[in-house]
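Undergrad: Heads up: the sequence shown is residues 48 to 399, going by my numbering. Below you'll find the structure I mean.
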Amino acid sequence: MVTSRGALFAVLTASVYGAAFLGLVTEMPIKAEADQRFPQGSSLRRARGGSALAAQYLKARGHRVDALLNQDLTTLSSKSVVFVLQPPSHGTLEARPLLTSAEERFLRRGGRIVLTLDGPIASIDARPAPASSSWIRAHPLLPDGALRGTLRTYEIAGPWMNDAHALFLSSQKVVAARRVYGEGDLIAIGAPEAFSNERIAAGETLGWLDTLSHDRDVYFDETVHGLFERKGVLDLLSDWGLLPAVAALLLLAIAWVLRAARPFGPPERLSHVDYADGVNLVEALGLLYSRSVSEEEALARYAQPPRTTTRQQPIARPVIARGPSASAKPLPDRLREINQSKRSSNTRARSL
48 MVTSRGALFA VLTASVYGAA FLGLVTEMPI KAEADQRFPQ GSSLRRARGG SALAAQYLKA
108 RGHRVDALLN QDLTTLSSKS VVFVLQPPSH GTLEARPLLT SAEERFLRRG GRIVLTLDGP
168 IASIDARPAP ASSSWIRAHP LLPDGALRGT LRTYEIAGPW MNDAHALFLS SQKVVAARRV
228 YGEGDLIAIG APEAFSNERI AAGETLGWLD TLSHDRDVYF DETVHGLFER KGVLDLLSDW
288 GLLPAVAALL LLAIAWVLRA ARPFGPPERL SHVDYADGVN LVEALGLLYS RSVSEEEALA
348 RYAQPPRTTT RQQPIARPVI ARGPSASAKP LPDRLREINQ SKRSSNTRAR SL
């Protein structure tokens, strides 16, 4: 009998499990206050300083949007754009190149990389510039961005600017620049908050997002924020090109196990070595038997009929006949003659 308290507990339990299931199915949004574990500029951060709204906006516009958790750009299509938002600044310019060989090949194939800087990185010196809300467009690639309010602005300078051209100016300083690499380009923007949740919510740089990602797949680089994808053993074997060899070894191992578990075809014949071993065994047993009993005892035991455990009549041994003179003699008499002849031969051998 179910009590009212038990029924109430069952209803509450079912309600909790139902709410959890609906939350997983409908992907309930996480509160912004609980999303501060992601760093500044991350597309996974919905709190202040993140760029989750930019990714959500582009996904709503029909773009394929994904987080880039590895630095391998060879798998990306040539019509892709990678947003690197607020990469860590090194304080001073580094001697190492700005792009890796894979990143440069990605650009030359037609890809695009967008940087939003708040400090110097390799070959790009992002210096703090006077705050200004008015950006003057110097190139028609990007539309005018209505950046309002307080905005941290950085001047784009350094060796990288030798082959680049300005996109926007602020207080006679280059704050956004573009450099062409083959069929692609790299765009550096000296405003780390250009695609932040606050700017996107205010609708200030939506035109920039549409222009930069036009007919392209969109990726947000999360490796600069310390988020990496851990590769398993199969991924490492695939990267090293050893996956076909491992698959071949696995098939050979399965074939060997099946072959060893069930024999095929007729049984194998014994080799000559096996026959020789059998002869040697019989000869060794004969020598052991001759050492254990004397010749008279062996002949006497041979003449005895086999013992039976039942009450049946013993089987009579046939008389061995060797020649016309031995056909009429029984076996015991014949054995005595053989024994006497052997004794005489042994006596003659001793005398000699």
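All residues carry an ideal CB built from backbone N, CA and C; glycine is no exception. Because the structure is a prediction, the values reported are computed rather than measured.
Would you tell me roughly how many angstroms separate the C-alpha atoms of isoleucine 183 and proline 134, rounded to the nearest one?
TA: Translated into the one-based positions of the sequence shown, residue 183 becomes position 136. Translated into the one-based positions of the sequence shown, residue 134 becomes position 87. In a straight line, the C-alpha of isoleucine 183 is about 25 Å away from that of proline 134.
Undergrad: Around the Cβ of serine 89, are there at least 16 other Cβ atoms within 10 angstroms (buried) or fewer (exposed)?
TA: Your numbering for residue 89 matches position 42 in the sequence shown. By the neighbour-count rule (16 or more Cβ atoms within 10 Å), serine 89 is buried.
Undergrad: Residue range of the beta strand (DSSP E) that arginine 156 falls in?
TA: Position 109 of the sequence shown, counted from the first residue, corresponds to residue 156. Looking at the DSSP string, arginine 156 is not in any beta strand (DSSP E), and its letter there is neither H nor E.
Undergrad: Would you please state the rounded distance, in angstroms, between the beta carbons of alanine 99 and valine 112? I believe it to be under 8 Å.
TA: On the sequence shown, residue 99 is found 52 positions in, with the first residue counted as 1. On the sequence shown, residue 112 is found 65 positions in, with the first residue counted as 1. Alanine 99 to valine 112, Cβ: 11 Å. No contact.
Undergrad: From methionine 208 to asparagine 117, what distance separates their C-alpha atoms?
TA: As a working note, residue 208 is residue 161 in the sequence shown. As a working note, residue 117 is residue 70 in the sequence shown. About 27 Å.
Undergrad: Below 6 Å CB to CB, which residues in the same chain sit around alanine 241 once its five sequence neighbours on both sides are set aside?
TA: Here residue 241 corresponds to residue number 194 of the sequence shown, with the count starting at 1. Answer for alanine 241: Thr163, Thr252, listed in chain order.
Undergrad: How would you write the range of the beta strand (DSSP E) that glutamate 403 sits in, first residue to last?
TA: The first residue shown for the chain is 48 and the last is 399, placing residue 403 beyond what the model contains.
Undergrad: Look at the alpha carbon of glutamate 384 and the alpha carbon of arginine 309, and state the distance between them as a whole number of angstroms.
TA: Numbered from 1 along the sequence shown, position 337 holds the residue referred to as residue 384. Numbered from 1 along the sequence shown, position 262 holds the residue referred to as residue 309. When rounded, the distance between both Cα atoms is 59 Å.
Undergrad: Which of the three DSSP states, helix, strand or coil, is assigned to serine 339?
TA: Position 292 of the sequence shown holds residue 339. Residue state, collapsed to three classes: helix.
Undergrad: Unbroken alpha helix (DSSP H) runs of length 4 or more, entirely within the segment 96–182: which are they?
TA: As far as the segment 96–182 is concerned, its whole alpha helix (DSSP H) runs of at least 4 residues are 99–107, 148–155.
Undergrad: Considering alanine 248, what are the terminal residues of the alpha helix (DSSP H) in which it resides?
TA: By one-based count along the sequence shown, residue 248 stands at place 201. Element bounds for alanine 248: 244–248.
Undergrad: What does a CB cutoff of less than 8 Å around arginine 156 pick up in its chain, not counting 5 residues either side in sequence?
TA: As a first step, residue 156 must be located in the sequence shown, where it is residue number 109. Correct list, in chain order: Ser125, Gly229, Glu230, Gly231.
Undergrad: Proline 291 to isoleucine 301, Cα distance in whole Å?
TA: Taking the first residue of the sequence shown as 1, we reach residue 291 at position 244. Taking the first residue of the sequence shown as 1, we reach residue 301 at position 254. Going by the C-alpha atoms only, they are around 15 Å apart.
Undergrad: Kindly indicate which residue of Gly138, Tyr336, Glu150, Val161 has the alpha-carbon position closest to the one of threonine 258.
TA: Along the sequence shown, one-based indexing puts residue 258 at 211. It is Val161.
Undergrad: In or out: glutamate 330 buried (at least 16 other Cβ within 10 Å) or exposed?
TA: In the sequence shown, the residue the question calls residue 330 occupies position 283. Glutamate 330 comes out exposed.
Undergrad: To the nearest whole angstrom, what separates the beta carbons of leucine 120 and alanine 149, a pair I think is in contact under 8 Å?
TA: As a working mapping, residue 120 is identified with position 73 in the sequence shown. As a working mapping, residue 149 is identified with position 102 in the sequence shown. Confirmed, about 5 Å.
Undergrad: Following the continuous alpha helix (DSSP H) through valine 304, name the residue where it begins and the one where it ends.
TA: Along the sequence shown, read from residue 1 onward, the residue named residue 304 stands at position 257. From DSSP, the alpha helix (DSSP H) with valine 304 extends over 290–308.
Undergrad: If you follow the beta strand (DSSP E) that leucine 214 is in, where does it begin and where does it stop?
TA: The residue labelled residue 214 in the question sits at position 167 within the sequence shown. Its beta strand (DSSP E) spans residues 212–217.
Undergrad: Below 8 Å on the Cβ atoms is my contact criterion, and I expect alanine 185 with alanine 213 to pass it. Report the Cβ-Cβ distance as a whole number of Å.
TA: Position 138 of the sequence shown, counted from the first residue, corresponds to residue 185. Position 166 of the sequence shown, counted from the first residue, corresponds to residue 213. Correct: roughly 4 Å between the Cβ atoms.
Undergrad: Give me the residue from Glu343, Val131, Ala169, Leu145 with the minimum Cα distance to threonine 270.
TA: To locate residue 270, count along the sequence shown from 1; it is residue 223. Closest option to threonine 270, Cα to Cα, is Val131.
Undergrad: Could you say which of Thr122, Ala107, Arg174 lies nearest to leucine 140 if we only look at CA atoms?
TA: On the sequence shown, position 93 is the one that residue 140 refers to. Comparing Cα positions, the closest option is Arg174.
Undergrad: Return the chain-ordered list of same chain residues with a C-beta closer than 8 Å to the C-beta of arginine 159, the five sequence neighbours on each side being excluded.
TA: Along the sequence shown, one-based indexing puts residue 159 at 112. Closer than 8 Å at Cβ, skipping near neighbours: Ser127, Val128, Val129, Gly231, Asp232, Leu233, Ile234, Leu259, Arg263.
Undergrad: What is the rounded straight-line gap between the Cα of phenylalanine 215 and the Cα of leucine 296?
TA: Counted from its first residue, the sequence shown places residue 215 at position 168. Counted from its first residue, the sequence shown places residue 296 at position 249. Rounded to whole angstroms, phenylalanine 215 to leucine 296 spans 59 Å at the Cα level.
Undergrad: Could you tell me the alpha carbon to alpha carbon distance between valine 340 and alanine 307, rounded to whole angstroms?
TA: The residue labelled residue 340 in the question sits at position 293 within the sequence shown. The residue labelled residue 307 in the question sits at position 260 within the sequence shown. The straight-line gap from Cα to Cα measures roughly 47 Å.
Undergrad: Tell me, to the nearest whole angstrom, how far the beta carbon of alanine 169 is from that of threonine 200; I am working on the premise that it is less than 8 Å.
TA: Sequence index remark: in the sequence shown, residue 169 carries index 122 (1-based). Sequence index remark: in the sequence shown, residue 200 carries index 153 (1-based). About 21 Å; that fails the 8 Å criterion.
Undergrad: Tell me whether aspartate 191 sits in a helix, a strand or coil according to DSSP, three-state version.
TA: Indexing the sequence shown from 1 puts residue 191 at position 144. Aspartate 191 falls in the coil class under three-state DSSP.
Undergrad: Of all the options Thr122, Pro206, Gly109, which has the alpha carbon lying nearest to the alpha carbon of leucine 256?
TA: Along the sequence shown, one-based indexing puts residue 256 at 209. Among Thr122, Pro206, Gly109, the Cα nearest to that of leucine 256 is on Gly109.
Undergrad: Over the uninterrupted beta strand (DSSP E) stretch that includes glycine 254, give me the two end residues.
TA: Start at 1 with the first residue of the sequence shown, and residue 254 comes out as number 207. Note, glycine 254: premise wrong, no beta strand (DSSP E); alpha helix (DSSP H) at 253–259.
Undergrad: Would you call the CB atoms of leucine 198 and alanine 238 closer than 8 Å?
TA: As a working note, residue 198 is residue 151 in the sequence shown. As a working note, residue 238 is residue 191 in the sequence shown. Yes, they are a contact pair.
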